[in-house]
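In the UniProt record's numbering, the protein residues as written are 1 to 146.
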């Protein structure tokens, strides 16, 4: 894929779209593509998380303590690893021949440092999502206590 193809793919990811075209171009140039065969692990629970992955083609099953999600083209896997050092809470395995764009946390942070407006847009989005999640948890808790 070309840099322009990678930028177009990154623009499909809601969280990344907030950054704007210039920041996405920097991410596309600085990231790397990785290919996987069926059954290959993208990462395992407990691994150090130093990057996020955008699925270019194929699908991955993300498993977290019994819960499963299938991630296909345009999905961002390991989003939180772009922001904070942590251990992977889940495992991700390729279900078919697949490829991803690997965005290292260090690259992501350099892009945010070089574009404060993009960093603010991302911060505002994450704050909104955190607030919504908190509200959802409170509502679910209230329903369970009925």
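Positions of the beta carbon are idealized from the N, C-alpha and C atoms, including for glycine.
Quick caveat, the model's predicted, so the values are computed rather than measured.
Between the segment 71-85 and the segment 20-35 there are fewer than three C-beta pairs closer than 8 Å, too few to call the two in contact. Within the same chain, 41, 43, 44, 45, 63 come within 7 Å of residue 91 by CB-CB distance, once the 5 residues on both sides are set aside. Taking C-beta atoms under 8 Å as the contact rule, residue 93 and residue 65 fail to qualify, at a distance of about 15 Å. Beta-bridge analysis with DSSP links residue 123 to no other residue. Residue range 41-43 is occupied by the beta strand (DSSP E) that includes residue 42. Put simply, the backbone Cα of residue 16 is about 12 Å away from that of residue 80. In the same chain as residue 87, and ignoring 5 residues on each side of it, the C-beta atoms closer than 6 Å to its own belong to 46, in chain order. Closest in alpha carbon position to residue 96, among 25, 39, 8, is 39.
Annotation: the continuous beta strand (DSSP E) that includes residue 35 extends over 32-36.
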